[in-house]
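Have a look at the structure below before the remarks.
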Amino acid sequence: MKMALKNMLRNKRRSLLTILSLFVASFVVVALYSYVQGFLKGTKEVLINLETGHITIARTEYLRKRVFLPVDELIEEPSPIIHNLLKFKEVKLVAPRIKFIALISKGNTTKPAYIMAIDPVKEKSTLDIRNRLIKGSENLESGFIIGRDLANSLKINPGDTLILFSRTTLGGLNGIKLPVSGIANFGMSKLNRSFVIMSLKHARKLLKTNEGVSEILLFLQSEKQIHQLKAKLNLPPGTDAKSYMELLGAFGIYFKLAGAFYGFIYILIIGLATFAIINTMTVAVFERLREIGTLKAIGMTDNEVFMLFGMEGTMLGALGGFFGSLLGLIFAYGLSIKGINFESILKNTAFPMPYVIRPEVNFKVFLFAFILTLIISALSSVFPALYARKLTPQEALRQV
Amino acid sequence: MIKIIFLALLLQQVRPDFILKKLRENTKIESIKFEATMEIKKGKRRLLKEFYGYGKGNNFLIVFTNPEDRDVKYLKLEKDLYIYLPDIDDVVRISGDMLKQSLMGSDLSYEDLMEDDPFSYYHAKIIKDTVLEGHKVYILELVDTTGNAPYYRVKLFVDKEKYISWKEELFTRSGRKIKETETLTVSRFGERYYITDFIMRDLRMRDSSTRITFKKLQFDIEIPESFFSKETLYK
């Protein structure tokens, strides 16, 4: 090991360049992994909290037409179902919601709005309204919360009274007047432009339903319990349960594939960097043919020569990998404090991605990148080391 | 050969502008009073709405009478549409892009009600004359030349004698057919032929149709101007 270290230091510039390529590769892997995980986790969290929960229970016909948010497919008596769901220990929160499209009007301006009616007491944590508020209060008892861009287009402020009108569950047209309690930045362009949160009480008055809800969302203790719980649910006929992966369609598939896809990218990056080690070690073997011949002539065994070159490559990889991964982790940590704000790029798109991405700081990623670099460095040193091992002293000395 | 030349000459004699003029004569009204039903079908669901109304020039007033929508009123004043909501005794104005929204969940949009002269956006040409379910018709293709038409291309199947359209197909710029109407009944009122029963289908919605049937119709009668004011809505 001492000798390998000495050899490394003999050609400092070449060793440094090799270490640097491994350093950059492992840095990129850790930083990219942290960013991608932060993006996937952030998007998934928003979609689960706002759209689907871990499991959504609704009428089968509603689920089939869910994209249109039909108001004539409500669960009219949700109480027995909710009561039954609360018995499961896996369930952290049962959140009944009504979602529908309404028109919202102030003076001569009318805009479409995506209304989500919730139980304000139960859903404090899921929607995190308090932290999203820009103006006004989070009071849903007497008013509603509206997305920032929608509020701007209607030129309204907290305290203003608006008219909301929609089709009722009976197919008629109805309207209610409600004051704006607060204006919120929901951190997603699609939501800021159309989102309105109100209490179930007001939505039921607007839709003319007594107890109806369009969806019952289940938030579980752990995501791993979804399939196990789904199998245990005993729902009334005409109702069905879907996991968030089933409801998100293409997004669900994207979440599934993203891990594998980016995993491949990480290996590719490290793989490319390992060419530097192969190159460095092969050149080292050919430069040191006389030395190999002499060492073998004075009694160094084939295995010792193999170990010498193998060790040198592994040490170069270990140094680059360790410091690159460490810096990647520190970099991700630094960015995660405030997050990376993509609002200027995303504000005019309908892509359901949060404005602020916070890279995920995960020590396991550091270990993964470091160990991956180490293994690949060791493996890529094998070929030149094997070549050195095979050489007889005569051959080595003859080639000088 | 002679027959083909003769037919071609005959087709050329009837200019598309003439057909549109005749269509306008049937649809253009000084004033109108009507009672009608609107039947909306969505899969197995069926909703029946009843309403009456008045029209004068480019303005109209519609009052719903079915229990679910009782006293909901629609007032069109030139380019603006106002909706009176009886539960809150207040009026909202619909304009611009909002007019593309569905009218009470039906296959019609507010925009479909709003056009004073729906043919004014288009350049027309006759593409064929044929027989549609026993009616001799010209097939007229209208293409938007203004960029403001609600539908880029319209295909009309216009009756050769009565100058009403038995069928309309409405297309987007990309060529996708998004709506179609089918005329079920045409009635004669003096010199005028008027469609009194038709179905519209929004093809973007699965298994959906809206049928409008006029039960009573009176043309060119005296209607006070005061009917067409926002104040009327609150009464």
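Here the protein sequences line up with chains P and L, keeping their order. Sequential numbering of the first sequence, starting at 0, is according to numbering that gives the first Met the number 0. Sequential numbering of the second sequence, starting at 0, is according to numbering that gives the first Met the number 0. We put the CB at the ideal spot given by N, CA and C, even for glycine.
Exposed unless 16 or more other CB atoms sit within 10 angstroms - verdict on residue i
{"i": "P/Asn416", "result": "Here chain P has residues from 0 to 399 only, and residue 416 of chain P is not among them."}
{"i": "P/Asn209", "result": "exposed"}
{"i": "P/Tyr253", "result": "exposed"}
{"i": "P/Ser343", "result": "exposed"}
{"i": "P/Glu303", "result": "exposed"}
{"i": "L/Asp111", "result": "buried"}
{"i": "P/Ser400", "result": "Chain P is shown from 0 up to 399; residue 400 of chain P falls before or after that span and cannot be answered."}
{"i": "L/His122", "result": "exposed"}
{"i": "L/Arg210", "result": "buried"}
{"i": "P/His53", "result": "buried"}
{"i": "L/Asp88", "result": "exposed"}
{"i": "P/Tyr332", "result": "exposed"}
{"i": "P/Lys200", "result": "exposed"}
{"i": "P/Lys103", "result": "Residue identity check: residue 103 of chain P is Ile in the sequence provided, not Lys. P/Ile103 is buried by the Cβ-count criterion."}
{"i": "L/Leu98", "result": "buried"}
{"i": "P/Ser141", "result": "exposed"}
{"i": "P/Glu137", "result": "buried"}
{"i": "L/Phe17", "result": "exposed"}
{"i": "P/Gly158", "result": "exposed"}
{"i": "P/Leu4", "result": "exposed"}
{"i": "L/Thr145", "result": "exposed"}
Top-ranked residue by Cα proximity to residue i, from the options
{"i": "P/Tyr113", "options": "P/Arg192, P/Arg9 and P/Lys200", "result": "P/Arg192"}
{"i": "P/Asp301", "options": "P/Glu210, P/Arg388, P/Ile144 and P/Lys200", "result": "P/Arg388"}
{"i": "P/Val360", "options": "P/Ile329, P/Gly171 and P/Gly316", "result": "P/Ile329"}
{"i": "P/Ser78", "options": "P/Ile215, P/Glu245, P/Ala150 and P/Ile264", "result": "P/Ile215"}
{"i": "L/Val185", "options": "L/Lys176, L/Asp201, L/Glu160 and L/Leu169", "result": "L/Glu160"}
{"i": "P/Pro69", "options": "P/Lys91, P/Ile97 and P/Gly52", "result": "P/Ile97"}
{"i": "L/Asp106", "options": "L/Met204, L/Thr36 and L/Asp219", "result": "L/Met204"}
{"i": "P/Phe67", "options": "P/Ser213, P/Gly237, P/Tyr32 and P/Ile80", "result": "P/Ser213"}
{"i": "P/Pro95", "options": "P/Thr51, P/Arg131 and P/Gly135", "result": "P/Thr51"}
{"i": "P/Gly186", "options": "P/Leu378, P/Ile374 and P/Met352", "result": "P/Met352"}
{"i": "L/Thr36", "options": "L/Leu141, L/Asp89, L/Phe63 and L/Lys20", "result": "L/Phe63"}
{"i": "L/Asp206", "options": "P/Lys64, P/Leu16, P/Val28 and P/Ile375", "result": "P/Lys64"}
{"i": "L/Asp244", "options": "P/Val93, P/Thr108 and P/Ile100", "result": "For chain L, the structure presents residues 0 to 234; residue 244 of chain L sits outside this window and is missing."}
{"i": "P/Ile336", "options": "P/Glu76, P/Ile356 and P/Lys86", "result": "P/Ile356"}
{"i": "P/Leu234", "options": "P/Leu46, P/Lys363 and P/Arg58", "result": "P/Arg58"}
{"i": "L/Ile220", "options": "L/Ile28, L/Val130 and L/Arg23", "result": "L/Ile28"}
{"i": "P/Lys105", "options": "P/Arg166, P/Asn151, P/Leu366 and P/Gly316", "result": "P/Asn151"}
{"i": "L/Asp201", "options": "L/Glu167, L/Tyr193, L/Tyr192 and L/Ala148", "result": "L/Glu167"}
{"i": "L/Ser108", "options": "L/Ser208, L/Val136 and L/Asp143", "result": "L/Ser208"}
{"i": "P/Ser180", "options": "P/Glu394, P/Gly135, P/Val23 and P/Leu190", "result": "P/Gly135"}
{"i": "P/Ala272", "options": "P/Leu307, P/Leu190 and P/Thr17", "result": "P/Thr17"}
{"i": "P/Phe194", "options": "P/Pro119, P/Arg9 and P/Ala101", "result": "P/Ala101"}
Own chain, CB closer than 6 Å to residue i, minus 5 neighbours either side, in chain order
{"i": "P/Ser400", "result": "Lying outside 0 to 399, the shown extent of chain P, residue 400 of chain P is not represented and no answer is given."}
{"i": "L/Asp128", "result": "Tyr137"}
{"i": "P/Leu161", "result": "Ile103 and Lys105"}
Sequence-distant residues of the same chain with beta carbon closer than 7 Å to residue i, five excluded per side
{"i": "L/Lys215", "result": "Phe33 and Glu34"}
{"i": "P/Leu62", "result": "Asp239 and Lys241"}
{"i": "P/Thr168", "result": "Val70, Asp71, Leu73, Leu206, Lys207, Thr208 and Gly211"}
{"i": "P/Met202", "result": "Here residue 202 of chain P is Ala; the residue named in the question, Met, does not match the sequence. Counting only Cβ-Cβ distances below 7 Å, and skipping sequence neighbours, we find Ile97, Ile114 and Ala116."}
{"i": "P/Gly309", "result": "Ala377, Ser380, Val381 and Ala384"}
{"i": "L/Asn65", "result": "Leu47, Lys48 and Glu49"}
{"i": "P/Thr313", "result": "Leu373, Ser376, Ala377 and Ser380"}
{"i": "P/Leu326", "result": "Phe26"}
{"i": "P/Ile225", "result": "His53, Ile54, Leu219 and Ser242"}
Beta-carbon proximity list for residue i, same chain, < 8 Å, skipping 5 on both sides
{"i": "L/Lys78", "result": "Ser94 and Met113"}
{"i": "L/Gly104", "result": "Ile39, Lys41 and Leu46"}
Within chain B, partners of residue i - CB distance below 9 Å
{"i": "P/Asn209", "result": "The question asks about chain B, but that chain is absent: this structure's protein chains are P and L."}
Practice task
Mind checking the segment 52-83 of chain L against chain P and listing, in chain order, the residues whose C-beta falls within less than 9 Å of any C-beta there?
Solution key: For the segment 52-83 of chain L, which is checked against every Cβ of chain P, the residues closer than 9 Å are Phe63, Asn65, Pro66, Glu67, Asp68, Arg69, Val71, Asp79 and Ile82.
Practice task
Could you run through the segment 138-169 of chain P and flag, in chain order, every residue whose CB is less than 8 Å away from some CB of chain L?
Solution key: Close to chain L, meaning a Cβ-Cβ distance shorter than 8 Å, are the following residues of the segment 138-169 of chain P: Ile162, Phe164, Arg166, Thr167 and Leu169.
Handout entry: Contact between the segment 216-230 of chain P and the segment 141-149 of chain P (3+ Cβ pairs under 8 Å)
Key = Touching, no.
Exercise for the section: Indicate whether the contact test is met: 3 or more Cβ pairs, each with one atom in the segment 223-231 of chain L and one in the segment 62-80 of chain L, closer than 8 Å. Expected result: Per the Cβ contact rule, the segment 223-231 of chain L is in contact with the segment 62-80 of chain L (3 or more Cβ pairs under 8 Å).
Practice task
Decide if the segment 170-185 of chain P is in contact with the segment 228-238 of chain P; the criterion is three or more beta carbon pairs, one per stretch, under 8 Å apart.
Solution key: In short, these stretches do not touch, since the Cβ pair count stays below three.
Practice task
Return the residues of the segment 245-272 of chain P that lie within a Cβ-Cβ distance of less than 9 Å from chain L, sorted by chain order.
Solution key: Answer in chain order: no residues at all.
Problem - Contact between the segment 186-196 of chain L and the segment 206-224 of chain L (3+ Cβ pairs under 8 Å) - result: Segments in contact, yes.
Exercise for the section: Closer than 8 Å, Cβ to Cβ, to anything on chain P: give me those residues from the segment 82-103 of chain L, in chain order. Expected result: Going along the segment 82-103 of chain L in chain order, one finds Ile82, Leu84, Asp86, Ile87, Asp89, Val91, Arg92, Ile93, Ser94, Met97, Gln100 and Met103 with a Cβ nearer than 8 Å to chain P.
Practice task
Could you say if the segment 377-386 of chain P and the segment 122-131 of chain L meet the contact criterion of at least three C-beta pairs nearer than 8 Å?
Solution key: Taking one beta carbon from each stretch, the segment 377-386 of chain P and the segment 122-131 of chain L have fewer than 3 pairs nearer than 8 Å; the two do not touch.
Problem - Stretch-stretch touch, CB-based, cutoff 8 Å, three pairs: the segment 27-36 of chain P with the segment 247-261 of chain P - result: Counting Cβ pairs under 8 Å, three or more are found: they touch.
Practice task
Give, in chain order, every residue of the segment 25-46 of chain L whose Cβ lies closer than 9 Å to some Cβ of chain P.
Solution key: Correct list: Ile39, Lys41, Gly42, Arg44 and Leu46.
Handout entry: Cβ-based contacts, 7 Å cut-off: residues of the segment 57-82 of chain P near chain L
Key = Hits within the stretch, in order: Asp71.
Practice task
Give, in chain order, every residue of the segment 218-245 of chain P whose Cβ lies closer than 7 Å to some Cβ of chain L.
Solution key: For the segment 218-245 of chain P, which is checked against every Cβ of chain L, not one residue is closer than 7 Å.
Exercise for the section: Could you list the residues in the segment 166-198 of chain P with a C-beta less than 8 Å from some C-beta on chain L, going in chain order? Expected result: Hits within the stretch, in order: Arg166, Thr167, Leu169, Gly170, Gly171, Leu172, Asn173, Gly174, Ile175 and Lys176.
Exercise for the section: Would you list, in chain order, the members of the segment 334-368 of chain P that have their beta-carbon closer than 7 Å to a beta-carbon of chain L? Expected result: From the segment 334-368 of chain P, no residue has a Cβ closer than 7 Å to chain L.
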